[in-house]
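Be aware that the sequence shown starts at 14, since it is given in this note's numbering, and climbs by one per residue.
Built from N, CA and C at the ideal position, the CB exists for glycine as well.
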Amino acid sequence: MSAPVLVTGGAGYVGASAVRALAAAGRRVVVLDDLSTGTRAHLRWGTFVEGDAGDPALVGRVCREHGVGAVLHFAAKTSVEASVGDPDGYFRANVVTTSHLVRAARDAGVRAIVFSSSAAVYGTPRALPIPEDHPLEPESPYGATKAEAERVLAEGGVPAACLRYFNAAGAEPDAGLCERHDPETHLIPRALDAAARGSTLRVFGGDWPTADGTCVRDYVHVADLATAHLAALAHLERGGRGGAWNLGTGRGASVREVVGAVERATGRPVRVEVVPRRRGDPVALVADPRRAERDLGWRATARSTLDAIVADAFTGWRTVAAETAAAGGGPRP
Ligand code: UFG
């Protein structure tokens, strides 16, 4: 039987979907999460340990106690926008934590690490789609911390797969898994909010050099990201080399196209106000996903088409809105 897997940040948005996929594949899972941004409702599989992924004594003890053989490392701060105002906090959470984690895991006999990296490591691309050997020129402190954590992992003494997510989106509402960020900064949940509540979505910049003047991103379904982690883990466990892999679809969608998909899914118009560009935003990010297909046998499925993503996100959004209303936190949509 395969060794248990430690999942840091397993109560979070992408981490919880990966935990679900691991459990479905029959893997034993230990979730380590400090619940600073994670959700208790996501703790549905495996053993839960509440604590800090950057605490080497705790990580070492958990790895030894459970005989952990591999780590999926999701625990991190994740907002491009917030990182601009708190670069030191982002460095501690994303780089120092990773450094402590990898050393503790290595000393406890862990033989594989799969890391949540980001397309934010590339900065403004020189050409699209972006291959993994594109220079790393991050434009936000967030992207810089992910690039630095990749370097830490490359030298950490444990084979590591760095998965550079493009825009994680969608939900797995059948398992109660959905985006529950507070505050919510991401486009799709904000656009759903605007449609359902009749509020205004602020679009950050209408004068970008793109077809409709708004930023372009490569949205990939969270369930597809989860299976990519299993594929990367299998690659390392069969002796494959570490490295970096893009996780995206290879297709870009503009902010206005996302708004159109939200209007189709909800059947309601989205009121839009174009405001100045947001600091740290690159104009367009679209993956060249071929390396992941070649090395890991992974590619995005039909769930990652924009309409399918937004439909799942809307179901998830309604779940969260109903929970919030039940807790007295706001109107039911
Ligand atoms: N946007 C708006 N209005 C909003 C929110 C977002 O116009 O209210 C725009 C942004 O400017 C951007 C696009 O919608 O052009 C997507 O923004 P998100 O905040 O949803 O996502 P980001 O592209 O900023 O960042 C996400 C993840 C990062 C990751 C990055 C990689 O949050 O962790 O994708 O592509 F690094």
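Among the candidates E145, G169 and P142, whose CA atom is the shortest distance from the CA of T110?
Closest by alpha carbon: G169.
Roughly how many angstroms separate the alpha carbons of R345 and F179, rounded to a whole number?
Only weak support is given to the placement of R345: the predicted model assigns it a pLDDT of 43, under 50, and the value that follows is read from those uncertain coordinates. R345 and F179: Cα-Cα distance of roughly 31 Å.
Would you call the region 289 to 297 in contact with the region 323 to 341, where contact means no fewer than 3 C-beta pairs closer than 8 Å?
With the cut-off at 8 Å, the region 289 to 297 and the region 323 to 341 do not touch.
Give me the Cβ distance between H242 and L85, rounded to the nearest whole Å; I'm assuming they're in contact under 8 Å.
Right, the Cβ-Cβ distance comes to about 6 Å (below 8 Å), so this counts as a contact.
Within the present structure, is the beta-carbon of V271 separated from the nearest heavy atom of the ligand UFG by less than 8 Å?
V271: yes, Cβ under 8 Å from the ligand UFG.
Using CA atoms only, rank isn't needed, just tell me which of V233, G265, P196 and A247 is closest to T227.
Of V233, G265, P196 and A247, the residue nearest in Cα terms is G265.
Could you tell me whether any non-hydrogen atom of the ligand UFG is closer than 8 Å to the CB of F104?
For the ligand UFG, not one heavy atom lies less than 8 Å from the Cβ of F104.
Helix, strand or coil for W258? Go by DSSP, reduced to three states.
Note: W258 maps to strand in three-state DSSP.
Locate the beta strand (DSSP E) running through L114, then write down its first and last residues.
That residue, L114, is in no beta strand (DSSP E); its alpha helix (DSSP H) goes T110 to D120.
Taking C76 as part of the alpha helix (DSSP H), name the residues at either end of that continuous run.
Taken as a continuous stretch (DSSP letters only), the alpha helix (DSSP H) holding C76 covers P69 to H79.
Looking at V268 and the ligand UFG, is the gap between the Cβ and the nearest heavy atom below 8 Å?
At least one heavy atom of the ligand UFG is nearer than 8 Å to the Cβ of V268, so yes.
With the cut-off set at 9 Å, would you say L260 and L176 are in Cβ contact?
Closer than 9 Å, so yes.
Do L19 and A118 come within 9 Å of each other at the CB atom, strictly closer than that value?
For A118 and L19, yes; Cβs fall inside 9 Å.
Does the contact criterion of 3 or more C-beta pairs under 8 Å hold for the region 82 to 100 versus the region 22 to 34?
Touching, yes.
Round the Cβ separation of N309 and W258 to the nearest angstrom and send it over; I've been treating them as touching at under 8 Å.
A small correction: the amino acid at residue 309 is Leu; Asn does not occupy that position in the sequence shown. Yes, they are in contact, since the Cβ atoms of L309 and W258 sit about 6 Å apart, within 8 Å.
What is the DSSP secondary structure of A335, reduced to helix, strand or coil?
It is helical.
Spatial neighbours of H113 within its chain, please: C-beta separation below 6 Å, excluding the five flanking residues on both sides.
Within the same chain, H113 has close Cβ partners G67 and P69.
State buried or exposed for G98, treating a residue as buried only when at least 16 other CB atoms are found within 10 Å of its CB.
Classification for G98: exposed.
If you follow the beta strand (DSSP E) that I143 is part of, which residue opens it and which one closes it?
Unbroken run through I143: none, as it is neither H nor E.
To the nearest angstrom, report how far apart F128 and V165 are at their CA atoms.
Rounded to the nearest angstrom, the two C-alpha atoms are 11 Å apart.
Is V235 a contact residue of the ligand UFG, with contact defined as CB to any heavy atom under 8 Å?
Every heavy atom of the ligand UFG is 8 Å or more from the Cβ of V235, so no.
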